[in-house]
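UniProt numbering puts the sequence shown at residues 1 to 415. First the structure, in the form of C-alpha cells, and then the observations on it.
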Amino acid sequence: MSLMHRQLQLHGHPRREARASVVAAPCAAAPRCRYPPSAASRPHSRRHFLQQVVGASLLVHTQSVNSPAASATLAAPESAGQVSTSTVPRGNSALDPPTFVTATGRIVAIGDLHGDLDKAVEALKLGNVIAVSDEGEVSWVGGDTVVVQLGDVLDRGDVEIGIINLLRYLDTEARKQGGAVYMMNGNHEALNVLGDFRYVTPGAFAESALYAGLSESDLKDWQLVAKVRYSLYKPGGDLAREFARNPTILVVNDTVFAHGGLLPTHVEYGVERLNREVAAWMRGDETDDGNKTPPPFLAMGDANSVMWNRSLSKERFATPYERYHACRALQQALGKLNGKRLIVGHTPQLSGANCECENQVWRIDVGMSYGVLNRPVQVLEIVKGEDGEAAVKVKRNNNGSLSSLDDDLNSAQYT
Numbered sequence: 001m002s003l004m005h006r007q008l009q010l011h012g013h014p015r016r017e018a019r020a021s022v023v024a025a026p027c028a029a030a031p032r033c034r035y036p037p038s039a040a041s042r043p044h045s046r047r048h049f050l051q052q053v054v055g056a057s058l059l060v061h062t063q064s065v066n067s068p069a070a071s072a073t074l075a076a077p078e079s080a081g082q083v084s085t086s087t088v089p090r091g092n093s094a095l096d097p098p099t100f101v102t103a104t105g106r107i108v109a110i111g112d113l114h115g116d117l118d119k120a121v122e123a124l125k126l127g128n129v130i131a132v133s134d135e136g137e138v139s140w141v142g143g144d145t146v147v148v149q150l151g152d153v154l155d156r157g158d159v160e161i162g163i164i165n166l167l168r169y170l171d172t173e174a175r176k177q178g179g180a181v182y183m184m185n186g187n188h189e190a191l192n193v194l195g196d197f198r199y200v201t202p203g204a205f206a207e208s209a210l211y212a213g214l215s216e217s218d219l220k221d222w223q224l225v226a227k228v229r230y231s232l233y234k235p236g237g238d239l240a241r242e243f244a245r246n247p248t249i250l251v252v253n254d255t256v257f258a259h260g261g262l263l264p265t266h267v268e269y270g271v272e273r274l275n276r277e278v279a280a281w282m283r284g285d286e287t288d289d290g291n292k293t294p295p296p297f298l299a300m301g302d303a304n305s306v307m308w309n310r311s312l313s314k315e316r317f318a319t320p321y322e323r324y325h326a327c328r329a330l331q332q333a334l335g336k337l338n339g340k341r342l343i344v345g346h347t348p349q350l351s352g353a354n355c356e357c358e359n360q361v362w363r364i365d366v367g368m369s370y371g372v373l374n375r376p377v378q379v380l381e382i383v384k385g386e387d388g389e390a391a392v393k394v395k396r397n398n399n400g401s402l403s404s405l406d407d408d409l410n411s412a413q414y415t
C-alpha cells in the first residue's frame, strides 16, 4: 500500500465546500512542500494532507516566477492564456506545450512512475534536484537543472495526482533558478483521457474522487467514483487540461525525448504539430466545423505512434537486420531534428537503463513502480563536458541492487 493510500486511510477527507480553501495551495505558496506531512501538519486530517500533497493546487499555480532566464505562470484553466514556458517554443501559441527548449545546466531524465510517489521522490533525490528534510519538507536544490519525466505518471499505482502536484510545484521552484521540470504525455495519460481505466488502481480511483470533493462515504458508490474520474480526465476536464500542457515530443538542446519512440514519419509530419494536436484534443478544443478535436493518430493511434512505439526498446533484437533497420530509422529521425540522441520510456528494461544504436537511443523505463516490477530507481543524467560534448550516464540507487547479470550487461555498455 502506498504512502498516499495509507494517509488517506488514516486521516479525514476534503469536503466539496472546502474546495475554495484547498485551492489556496500550501505547496504552491510556501517555499517548500511537505513529503510526507510532518506530525505537526496532521491534526487537520486527510483534508490537510491533500492540500499539502494533492489538493487542487496543480491547477492554480497563479503566481509568476521572476527569473530573467525563465518565467512561467502556471495558470488555472480560466486564465490559461497566461501560460508561458522557459523558452519561447517556435511556432507554439501560449496554450500549447513547449517543443524546443534550451538547458544551460544538467539534464536529468526520469522514466515511468506509474503512481508510485515514493519512487518519484527517490528518483528526484537520486538526480540531486531535491532535498527532503527530517520534517518532510521538499525543496528544489537542482539550480538550473532541467528535469524531464517521460510520462506514464498514471495507472498501476495509487498516487497519481500527488505526483503531478509535486512535479508542478518543483517546476515553479526550479524556474526561479533557471531550471525547469517537464512532464511528458505517455500512453497511459492518453488512455485515461480516452476514458480507458483498465489499469487504474482502487487507490487512484479514491484519490481522484477525493480530489473532486467526494466524501469517504461516496467511495462506496462505484459508478459515482468512475463518473467523477471520467469527468476529470475526459477532453476538457481539469486533469486532461493539465496534461494538455505536457509535450508529447520534447527537444532539449540536442537531446530528443519521446515516451515510446520516434520515427522519420513523425518528424516529417511535424513534432510541434503533434504537440499542438495532442494538446488541442486534451483541452477539448473544437475544430472549424464545430466538432471536438480528435486524438492524433501518429501520436497515439497504433503501435507505430509516438506513445506506443517499441521498435527501439528491444533489449535484444531478433536479427541483425531488425537492429539495422531500427537504428537507421532513428538516425534519420534525429538528423531531421539536429538531435544526437533519443531518450524513451514505455518499455521496462529488465537489464536496467541501457543504450543502443551506438548510444543514439537510451531506454530508461526500469519498471521502478511497485505496480510494475518494483525495481531499484535509476535516472539518466546528461552533463556538458569541457569540450562542449554531452556526457550521458545512468545513476543508480545504491540502496537497491540489480542482479549480477544485469550489472554485467550494464557495465559493458557504459560507465
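A virtual CB, placed ideally from N, CA and C, is assigned to each residue, including glycine.
Assigned exposure category for residue i - 16 Cβ within 10 Å defines buried
| i | result |
| --- | --- |
| S215 | exposed |
| F297 | exposed |
| P320 | exposed |
| W281 | buried |
| E386 | exposed |
| E322 | exposed |
| S217 | exposed |
| G335 | exposed |
| N291 | exposed |
| V256 | buried |
| Y391 | Correcting the residue identity first, residue 391 is Ala in this sequence and not Tyr. A391 comes out exposed. |
Helix, strand or coil at residue i according to DSSP, with G and I counted as helix
| i | result |
| --- | --- |
| N338 | coil |
| P68 | Per-residue confidence for P68 stands at a pLDDT of 31, beneath the threshold of 50, marking its modelled position as unreliable; the derived number appears in the next sentence. Looking at P68 - three-state DSSP - the assignment turns out to be coil, as it is neither helix nor strand. |
| S139 | strand |
| T145 | coil |
| P308 | One point to set straight first is that residue 308 is Trp, not Pro, in the sequence displayed. W308 falls in the coil class under three-state DSSP. |
| T255 | strand |
| Y169 | helix |
| M368 | coil |
| Q331 | helix |
| N291 | coil |
| D406 | Reliability fails at D406, whose pLDDT of 37 lies under 50, so the model's placement of it is uncertain and the value that follows must be treated cautiously. In the structure shown, D406 sits in a helix (DSSP, three-state: H, G or I). |
| Y182 | strand |
| L219 | helix |
| R283 | helix |
| A94 | coil |
| L117 | helix |
| A391 | strand |
Test item: CB-CB of residue i and residue j under 7 Å
| i | j | result |
| --- | --- | --- |
| L239 | L232 | yes |
| M307 | G203 | no |
| V361 | L342 | yes |
| I163 | Y211 | no |
| T145 | V129 | yes |
| H188 | D155 | yes |
| V148 | Y182 | yes |
| A299 | V267 | no |
CA-to-CA distance, residue j to residue i, given in whole angstroms
| i | j | result |
| --- | --- | --- |
| I107 | L117 | 21 Å |
| V228 | A258 | 30 Å |
| D289 | V271 | 24 Å |
| A244 | S311 | 26 Å |
| E358 | V251 | 20 Å |
| G136 | K119 | 15 Å |
| V159 | L262 | 29 Å |
| K340 | M184 | 20 Å |
| L167 | K176 | 15 Å |
| S351 | C33 | 34 Å |
| T265 | E389 | 28 Å |
| D171 | Q332 | 32 Å |
| E242 | G301 | 21 Å |
| R283 | P295 | 11 Å |
| T287 | L274 | 16 Å |
| R375 | V193 | 28 Å |
| G195 | A226 | 10 Å |
| W222 | S139 | 37 Å |
| V23 | F100 | Residue confidence for V23 is low, a pLDDT of 25 falling below 50, so the modelled location carries little weight and cannot support an answer. |
| A329 | G260 | 14 Å |
| G143 | K220 | 45 Å |
| P98 | I249 | 9 Å |
| G179 | E173 | 8 Å |
Close beta carbons around residue i, own chain, < 6 Å, minus the five adjacent residues each side
| i | result |
| --- | --- |
| S313 | T347, R363 |
| K395 | L126, V379, E381 |
| G157 | H114, G115, D116, S369, G371 |
| A123 | I110, V377, V379 |
| K393 | E381 |
| D112 | D152, G345, D365 |
| P31 | Confidence at P31 is low in this model, with a pLDDT of 45, below 50, so the placement of that residue is unreliable and no value is reported for it. |
| residue 416 | The first residue shown for the chain is 1 and the last is 415, placing residue 416 beyond what the model contains. |
| A131 | S139, V141 |
| R276 | D96 |
Beta-carbon proximity list for residue i, same chain, < 7 Å, skipping 5 on both sides
| i | result |
| --- | --- |
| N253 | T102, A103 |
Cβ shell of residue i (< 8 Å), same chain only, five flanking positions each side left out
| i | result |
| --- | --- |
| N397 | E122, L126, P376, V377, Q378 |
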